[in-house]
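Below is one structure, written out as structure tokens; comments come after it.
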Amino acid sequence: MSAPRRGGDARRRLASPTLAMLPRVADSLSFLYLDMVRVVQDDTGVCAQIQVDAQRTDLVYIPTAALSCLLLGPGVSITTPALNTLARHGTSVISVGSGGVRAYAGILSDSLTTHWLEQQVACWSDPERRLDVAVRMYRMRFQDADLPEAVDLDKLRGLEGQRMKAFYKVLAQQHGIGRFRRNYPMGLPGPRQPRPVRSQRLSLRHRPRRAARARSVSRPRIRPHRQATLLRLRHRRPLQGRNHPPPGLRPPQLRQPRTGSTPPLPRRPTTPQAPPARRPRRPKAPDTTHHERHRRSGRRRRAAGEARRQDGPPLGPQGRRPARRRQLRRPR
Amino acid sequence: MPTMLVIATTAVPDHLRGALSRWTSEVVPGIFVGSVSARVRDKLWQAVTDTVGNGAAVLVYPAPTEQGYAIRTAGTRRRVPTDFDGLTLIRMTAAPKAKEMQSPS
Numbered sequence: 075m076s077a078p079r080r081g082g083d084a085r086r087r088l089a090s091p092t093l094a095m096l097p098r099v100a101d102s103l104s105f106l107y108l109d110m111v112r113v114v115q116d117d118t119g120v121c122a123q124i125q126v127d128a129q130r131t132d133l134v135y136i137p138t139a140a141l142s143c144l145l146l147g148p149g150v151s152i153t154t155p156a157l158n159t160l161a162r163h164g165t166s167v168i169s170v171g172s173g174g175v176r177a178y179a180g181i182l183s184d185s186l187t188t189h190w191l192e193q194q195v196a197c198w199s200d201p202e203r204r205l206d207v208a209v210r211m212y213r214m215r216f217q218d219a220d221l222p223e224a225v226d227l228d229k230l231r232g233l234e235g236q237r238m239k240a241f242y243k244v245l246a247q248q249h250g251i252g253r254f255r256r257n258y259p260m261g262l263p264g265p266r267q268p269r270p271v272r273s274q275r276l277s278l279r280h281r282p283r284r285a286a287r288a289r290s291v292s293r294p295r296i297r298p299h300r301q302a303t304l305l306r307l308r309h310r311r312p313l314q315g316r317n318h319p320p321p322g323l324r325p326p327q328l329r330q331p332r333t334g335s336t337p338p339l340p341r342r343p344t345t346p347q348a349p350p351a352r353r354p355r356r357p358k359a360p361d362t363t364h365h366e367r368h369r370r371s372g373r374r375r376r377a378a379g380e381a382r383r384q385d386g387p388p389l390g391p392q393g394r395r396p397a398r399r400r401q402l403r404r405p406r
Numbered sequence: 002m003p004t005m006l007v008i009a010t011t012a013v014p015d016h017l018r019g020a021l022s023r024w025t026s027e028v029v030p031g032i033f034v035g036s037v038s039a040r041v042r043d044k045l046w047q048a049v050t051d052t053v054g055n056g057a058a059v060l061v062y063p064a065p066t067e068q069g070y071a072i073r074t075a076g077t078r079r080r081v082p083t084d085f086d087g088l089t090l091i092r093m094t095a096a097p098k099a100k101e102m103q104s105p106s
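Residue numbers (my numbering), protein chains in the order written: chain Y, 75 to 406; chain F, 2 to 106.
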């Protein structure tokens, strides 16, 4: 038997925290998107190593316990100790495409209870309870809703659709956007599927929400707390991956640096430099063949050599003769 | 309405530490905790950034972000707050003479 280590129990609790030590999903940070990094577990925590160049590696420690979802984009490698730690802290890990566009797979802890999932399935499978839940969520979303007594799911969807249409219309008028439609599969990138830019931008704004939804679905321990999650996501910017969105499609909010919290690092001021002036091309002699031009240029070169032999080297820009190889002359 | 603020300082001039201790309390060496209004905080931080010299200072205060706080820095050190799609995490930049693995310090 080994001797008890100092602070043994507390140490163990820190290593694998109890549920009471973890923040509720509504209190935790919604998501963190990583790409082109290596995620490892070192002795103090889980950190992402960012390779700056061949010699330098920057470290970013990830707040695993406070984070509810980690999105791993392209180019991420992660070690199993790091995955175990993430699972122990109840962080769901989802592998996604660039910019969080597609969710490929979710990894979550083995020992989470499925209480909320069972409740949800029970509600979903009973038509009456399902309708009741839908009506309650509708009222939560639209406080001023006056629903008819006999409403079914299809009617409810129609009412929601009308409201959203009106909402989009008002917003479009406020921001001076013309007519557009949203009639394509949301967020699926495809080079052969050109899509309206406005719709694509809207999808960009929705992407973190979809990521959060994927998170709540892949986390059976806790009911997806939709309202709270969406409220928190209002403070977040849309995800920005290496290739998504394409630079031409980035909405202006994405390009502006975040202000307020941290001033950006001072950068060397870049002065706009004029492109180097091109020497004007000597015009081709007209109506000459290739061979003819070569013959002429040879003749011109020979003529220049002849002149140099007779008059010395050509005059410099100030009308002086250039100094003759002064550096190369041998010392006497 | 006064809100809490924390200022952590590294190698700042003594007069700055004395000045900060007039608004806040120095709970451990270099860490100042206080509760002031946003305007006073801004003025105080402006004074800190102007006088920080070769040292460094970090201000943490409550803000309506997802994390609930915002970070401001004055002077440069190896830890740089970086924005990850709205989350501010600390990026530990590699030392000028880099070894293969850095131990956090």
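Cβ coordinates follow ideal geometry from the N, Cα and C atoms, glycine included.
Outcome for residue i when other beta-carbon atoms lying within 10 angstroms are tallied against a minimum of 16
{"i": "F/Arg42", "result": "buried"}
{"i": "Y/Ile251", "result": "exposed"}
{"i": "Y/Met95", "result": "exposed"}
{"i": "Y/Asp226", "result": "exposed"}
{"i": "Y/Ala224", "result": "exposed"}
{"i": "Y/Arg174", "result": "The sequence given here places Gly at residue 174 of chain Y; Arg does not occur at that position. Classification of Y/Gly174: buried, given that the 10 Å Cβ count is 16 or more."}
{"i": "Y/Gly264", "result": "For Y/Gly264, the predicted structure reports a pLDDT of 48, less than 50, and the residue's modelled location is therefore unreliable. The matter cannot be settled from this model."}
{"i": "Y/Leu88", "result": "exposed"}
{"i": "Y/Val195", "result": "exposed"}
{"i": "Y/Ala122", "result": "buried"}
{"i": "F/Glu67", "result": "buried"}
{"i": "F/Arg73", "result": "buried"}
{"i": "Y/Gly82", "result": "exposed"}
{"i": "F/Ser38", "result": "exposed"}
{"i": "F/Thr77", "result": "exposed"}
{"i": "F/Val28", "result": "exposed"}
{"i": "Y/Leu245", "result": "exposed"}
Sequence-distant residues of the same chain with beta carbon closer than 6 Å to residue i, five excluded per side
{"i": "Y/Asp162", "result": "Note on identity: in this sequence residue 162 of chain Y is Arg, with Asp being the wrong assignment. Around Y/Arg162: Ser90."}
{"i": "F/Thr4", "result": "Pro63"}
{"i": "Y/Tyr178", "result": "Ser169"}
{"i": "Y/Gln301", "result": "Note on Y/Gln301: pLDDT 38, under 50, position unreliable in the model; the coordinate value appears next. Within the same chain, Y/Gln301 has no close Cβ partners at all."}
{"i": "Y/Leu141", "result": "Leu103, Leu106 and Thr165"}
{"i": "F/Val7", "result": "Val34 and Val61"}
{"i": "F/Thr11", "result": "Gly56 and Ala57"}
{"i": "Y/Val207", "result": "Cys197"}
Simplified DSSP assignment, three categories, for residue i
{"i": "F/Val29", "result": "strand"}
{"i": "F/Thr74", "result": "strand"}
{"i": "Y/Gly252", "result": "coil"}
{"i": "Y/Gly232", "result": "helix"}
{"i": "Y/Gln384", "result": "helix"}
{"i": "F/Thr94", "result": "coil"}
{"i": "Y/Leu227", "result": "helix"}
{"i": "F/Met5", "result": "strand"}
{"i": "Y/Gln123", "result": "strand"}
{"i": "F/Gly35", "result": "strand"}
{"i": "F/Ala58", "result": "strand"}
{"i": "Y/Thr417", "result": "Lying outside 75 to 406, the shown extent of chain Y, residue 417 of chain Y is not represented and no answer is given."}
{"i": "F/Thr11", "result": "strand"}
{"i": "F/Thr66", "result": "coil"}
{"i": "Y/Asp117", "result": "coil"}
{"i": "Y/Leu103", "result": "strand"}
{"i": "Y/Leu145", "result": "strand"}
{"i": "Y/Ala246", "result": "helix"}
{"i": "F/Asp51", "result": "helix"}
{"i": "Y/Ala453", "result": "Chain Y is shown from 75 up to 406; residue 453 of chain Y falls before or after that span and cannot be answered."}
{"i": "F/Asp43", "result": "helix"}
{"i": "Y/Asp83", "result": "helix"}
{"i": "Y/Thr138", "result": "coil"}
{"i": "Y/Arg98", "result": "coil"}
{"i": "Y/Ala219", "result": "coil"}
{"i": "Y/Arg237", "result": "helix"}
{"i": "F/Ser18", "result": "Here residue 18 of chain F turns out to be Arg, not Ser, going by the sequence shown. Of the three classes helix, strand and coil, the one that applies to F/Arg18 here is helix, per DSSP."}
{"i": "F/Arg79", "result": "coil"}
Residues bridged to residue i [DSSP beta-bridge criterion]
{"i": "Y/Ser151", "result": "Y/Arg112"}
{"i": "F/Asp84", "result": "F/Thr89"}
{"i": "Y/Asp132", "result": "Y/Ile124"}
Own chain partners of residue i with C-beta closer than 8 Å, once the 5 adjacent residues on each side are dropped
{"i": "Y/Glu380", "result": "none"}
{"i": "F/Tyr70", "result": "Val61, Tyr62, Pro63 and Ala64"}
{"i": "F/Thr83", "result": "Thr89, Leu90, Ile91 and Arg92"}
{"i": "Y/Pro354", "result": "none"}
{"i": "F/Pro30", "result": "none"}
Proximity test, residue i beta-carbon vs the ligand ADP heavy atom, cut-off 7 Å
{"i": "Y/Asp101", "result": "The ligand content of the structure shown is nil, which means the ligand ADP is not present either."}
Residues of its chain near residue i, where Cβ-Cβ distance is below 7 Å and the 5 sequence neighbours each way are ignored
{"i": "Y/Asp132", "result": "Ile124 and Val126"}
{"i": "Y/Tyr107", "result": "Leu145, Gly147, Gly174 and Leu313"}
{"i": "Y/Glu202", "result": "none"}
{"i": "Y/Arg204", "result": "Cys197 and Trp198"}
Handout entry: In chain order, each beta strand (DSSP E) run of at least 3 residues that lies wholly inside the stretch 162-217 of chain Y
Key = The stretch 162-217 of chain Y contains these whole beta strand (DSSP E) runs: 166-170 and 177-181.
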